[in-house]
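Worksheet: one structure, shown below.
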Amino acid sequence: MTFRDLKLGAKQLLGFGVILVLMTSANIFSINRMRALKAEIDEVTKNRLPRALAIADLNRSAFDLRIKQLQYAFAIDSASKKIQAEATSALIDSITQNLETYKRLKTEAEGRQSYSKKEEKLYDALESNWENYQDLSLTFLLLLREDQMQGALLLLNEDMRQSFDDFSANLVALVDINKKDSFDAAQRAEDAYRSTRRVNSTLLVVTILVSILFAAGLARLIVVPVRLLASAAETVARGNLTVQLGIRSKDEIGNLARSFNQMTTSLREARAGMEQQAAELQAKNAALQRTMQQLQQTQTQLVQSEKMASLGQLTAGIAHEINNPINFISANVGPLKRDLTDLFAVLSQYDNVARAHKLQNAFAEVETLKTQLDYGVVVDEIDNLLEGIAEGARRTAEIVRDLRNFSRLDEEAQKLASINQGLEATLLMLKNQLKNRVEVIKDFQNFPDILCYPGKLNQAFLNILANASQAIDGQGKIFIKTSYDGDIVTVSIKDTGKGMNEDVQQRIFEPFFTTKGVGEGTGLGLSITYGIIEDHDGNIEVYSAPGKGTEFVITLPARR
Amino acid sequence: MNTLTKAVLALAFSAASAFAQVAVIAHKDVPLDTLNKTQLTDFYSCEMKLWDKSMPLLVVDLKLQSEAKDAFYKFLGMTASRMKSIWLKKLLMGEGVEPLVVRSEEEMLKKVATTFGALGFISSSKVTDEVKTLLLLAPTEKQP
Chain V
95 MTFRDLKLGA KQLLGFGVIL VLMTSANIFS INRMRALKAE IDEVTKNRLP RALAIADLNR
155 SAFDLRIKQL QYAFAIDSAS KKIQAEATSA LIDSITQNLE TYKRLKTEAE GRQSYSKKEE
215 KLYDALESNW ENYQDLSLTF LLLLREDQMQ GALLLLNEDM RQSFDDFSAN LVALVDINKK
275 DSFDAAQRAE DAYRSTRRVN STLLVVTILV SILFAAGLAR LIVVPVRLLA SAAETVARGN
335 LTVQLGIRSK DEIGNLARSF NQMTTSLREA RAGMEQQAAE LQAKNAALQR TMQQLQQTQT
395 QLVQSEKMAS LGQLTAGIAH EINNPINFIS ANVGPLKRDL TDLFAVLSQY DNVARAHKLQ
455 NAFAEVETLK TQLDYGVVVD EIDNLLEGIA EGARRTAEIV RDLRNFSRLD EEAQKLASIN
515 QGLEATLLML KNQLKNRVEV IKDFQNFPDI LCYPGKLNQA FLNILANASQ AIDGQGKIFI
575 KTSYDGDIVT VSIKDTGKGM NEDVQQRIFE PFFTTKGVGE GTGLGLSITY GIIEDHDGNI
635 EVYSAPGKGT EFVITLPARR
Chain L
89 MNTLTKAVLA LAFSAASAFA QVAVIAHKDV PLDTLNKTQL TDFYSCEMKL WDKSMPLLVV
149 DLKLQSEAKD AFYKFLGMTA SRMKSIWLKK LLMGEGVEPL VVRSEEEMLK KVATTFGALG
209 FISSSKVTDE VKTLLLLAPT EKQP
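First to last, the sequence lines map onto chains V and L.
Here the working numbering runs 94 ahead of the position in the first sequence, where the first position is 1.
Here the working numbering runs 88 ahead of the position in the second sequence, where the first position is 1.
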């Protein structure tokens, strides 16, 4: 169980707990230190100070004792002796009492370990000094009692003075130690106060920092995931269902994030299902549309091929019917010319005979007629007329041949035919449309005839070329190129016309799609073309852009 | 010195003091055979100057520090110094007889044996039949 796994409330409680523990420990620490301080101060006021006072008192009493003892020795009468004795006795009591007070305080201090070895040593020395001084005092009193004044004074001045000096010296040392110890205790109290203050301020600062950090952390803990959730929800709203939240905590926000993830997952799955269904529907739709398109195409092709078949039969019939009379003309022009030459020879003989027999006068009327009719010109004109008839017959024959060539639509079976010738025939059909306006640049490769429906192919070429011609406003060029690589025949028809945009390119093979005005085009041309190329197991592609012209590339398998 | 060593030393001292049993002794002719603590204190602090009407009391004290002296004063509940201040005051006021001061326990034994009305103390092991034992001080606990 990590911190992350806790509920929000628990997290908050934990944070406040930490802060509370910090604050409590700061307080406990302060109270402890204050207790220590108080103990130190108590030690000074209740023990060290009285000890120092006792020693000071001792010092004064001891000094007084010396004086009183001297006064006692020199007391003149028993009354004053008694007074001095009582004063001395009181001083001894005072010294004893002070020593006992000191001892009591010392014992207490020892119990608290606030009593130094050095002081102990000094005190022991002091005790023994005092005992020694008392011994000497006893001797002194005995000497006085025995009226040995000299000896008593000597003792007072020598041994007792020495003893008193020792006692005094030890007292002074004790006072010094007490002073020092008191000062040290005060110093310790001061230090303790300072360190307590320092530690307390540090703890306070730490507590404040921890509180701030905790508050910030808690806010982050809530705000950051909520912000994540919000942005994720926005993303989902925009339709992106792949969003997954990486919030792993086990608190309420973690639960929310997990629910959110589940929601997006189910949504995604649902949408995927829907999309699949839609795709299936679309596919079916497309299949249907294709089928319908094929149906329409088939229908159109049927109509068209029927129409073309009729047209072909008609054209074939006409071509055949015209062919016979034309044959008459072309067959008769030569003999006619020959006959006329003969006729002119006869007429010329007539002239020669008349000139030889001087019969000009008899044929004067003939001459006049000749002049009137511009006989010479007529003879020449007849030649020209005959030439014209011959030319006309020849050209008519050519047209008929082309018509026949084009109208092989009724051909049921495939036959070997030349693609290049088919293109030529088609171009001839369009001669009038292209004349003086469109320059056709041919780049034909020579290759063998291939097995195909020549009439249908011609129709396909015708449709493309007619469109190319119509795409060109004013002057322009059409490039026709054929190539062959042994397996595939490629025909490229490229114009410098206005071109098409993408949308139009997409639809040009659809039946009844036309960019021309109503009545100008049926919208069947390229769809028939497409059908025809398909019949040949070939392929047709278009490359175009507005203003850049259009290129159709037809590939056909070269079967034989 | 660690706590353990201290404890061991304390045990050793208490054992030693157990052996340092002190006997309160008196001249053979004193009229009492036993003494209690109050009597002993009174005698030593010169509150009583006589054993009885005919026999004066003479207190003998050891001059030097010794185990017996320590144990004796401890039993009385005062220090030698305190006792001396009492004697000193009595002497000043002319109320007491100064104690006899001896330098050793042997001297103490001799003094008590030979001085009429003498009262003293020695280690019980040193007691002879020259003196009368009035009180055997219980071995004192070593003071904490």
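By construction, the Cβ of each residue, glycine as well, lies at the ideal position given by its N, Cα and C atoms.
Under the 8 Å criterion on CB atoms, Lys-172(L) is classed as interfacial with respect to chain V. Rounded to whole angstroms, Arg-170(L) and Leu-193(V) show a C-alpha spacing of 10 Å. Taking the CA atoms as reference points, Ala-104(V) sits about 40 Å from Ala-366(V).
With a threshold of 8 Å between beta carbons, Ala-168(L) makes contact with chain V. At least one CB of chain V lies nearer than 8 Å to the CB of Met-181(L). It is roughly 17 Å from the alpha-carbon of Glu-218(L) to the alpha-carbon of Val-147(L). Contacts with chain L at 8 Å (Cβ-Cβ) include Ile-186(V). Scanning chain V for C-beta atoms nearer than 8 Å to the C-beta of Glu-186(L) yields Leu-232, Leu-235, Leu-236, reported in chain order. Under DSSP, Pro-651(V) forms a beta bridge with Ile-582(V).
By the neighbour-count definition (other C-beta atoms within 10 Å, threshold 16), Asp-589(V) is a buried residue. A distance of 8 Å or more separates the beta carbons of Val-317(V) and Thr-358(V). One thing to note: Leu-545(V) has its Cβ no nearer than 8 Å to the Cβ of Arg-384(V). Residues Trp-139, Asp-140, Met-143 of the same chain have their beta carbon placed closer than 8 Å to that of Pro-119(L), with the five preceding and five following residues left out of the count. For secondary structure counted as the alpha helix (DSSP H) over 4 or more consecutive residues, the segment 142-205 of chain L holds these complete runs in sequence order: 155-164, 168-180, 193-202.
For Ala-286(V), no CB of chain L lies under 8 Å from its own CB, so it is not counted at the interface with that chain.
Between Ala-179(V) and chain L, the shortest Cβ-Cβ separation is below 8 Å. Secondary structure in the segment 95-141 of chain V: the alpha helix (DSSP H) runs of 4 residues or longer, each lying completely within the stretch, are 102-136 in chain order. Counting only the Cα atoms, Met-368(V) lies some 14 Å from Ala-377(V). Below the 7 Å Cβ cutoff, chain V contributes no neighbours of Leu-146(L), its closest Cβ being approximately 14 Å away. Selection Ala-201(L), Ser-211(L), Thr-167(L), Leu-222(L) evaluated against His-115(L) yields Ala-201(L) as nearest (Cα-Cα).
Taking 8 Å as the CB threshold, Thr-139(V) stays off the interface with chain L. Contact annotation: Lys-529(V) and Asp-567(V) have beta-carbon atoms that are not nearer than 8 Å.
With a cut-off of 8 Å on Cβ pairs, the segment 625-644 of chain V is in contact with the segment 593-601 of chain V, counting three or more such pairs. Taking Phe-157(V) as reference, the option from Ser-119(V), Ser-295(V), Asp-259(V) with the minimal CA-CA separation is Asp-259(V).
Secondary structure at Lys-588(V): strand, using DSSP grouped into helix, strand and coil. Membership of Ser-262(V) in any beta strand (DSSP E) is not indicated; the residue belongs instead to the alpha helix (DSSP H) covering 253-331. Rounded to whole angstroms, the Cβ separation of Val-583(V) and Ile-626(V) is 14 Å, and the two are not in contact under 8 Å.
When C-beta atoms of the segment 137-153 of chain V are compared with those of the segment 187-204 of chain V, three or more pairs fall below 8 Å, so the two segments count as touching. Residues of chain V whose Cβ lies closer than 7 Å to the Cβ of Lys-177(L) are, in chain order, Ser-183, Ile-186.
Counting along the chain, no alpha helix (DSSP H) covers Lys-137(L), and no H or E run does either.
Separation of the CB atoms of Leu-250(V) and Ala-184(V) is rounded to 19 Å, and the pair is thereby denied contact status at 8 Å. Excluding its 5 nearest sequence neighbours in each direction, Ile-174(L) has C-beta neighbours in its own chain below 8 Å: Ser-133, Cys-134, listed in chain order. By the C-beta criterion, the segment 195-211 of chain V is judged not to be in contact with the segment 172-183 of chain V, since fewer than 3 inter-stretch pairs fall below 8 Å.
Phe-422(V) counts as exposed, since fewer than 16 other C-beta atoms from the protein chains shown sit within 10 angstroms of its C-beta. Using a 10 angstroms sphere on the CB of Pro-187(L), the tally of other CB atoms reaches 16 or more, which defines it as buried. Considering only Val-585(V), Ala-458(V), Arg-321(V), the residue with the shortest C-alpha distance to Phe-541(V) is Val-585(V).
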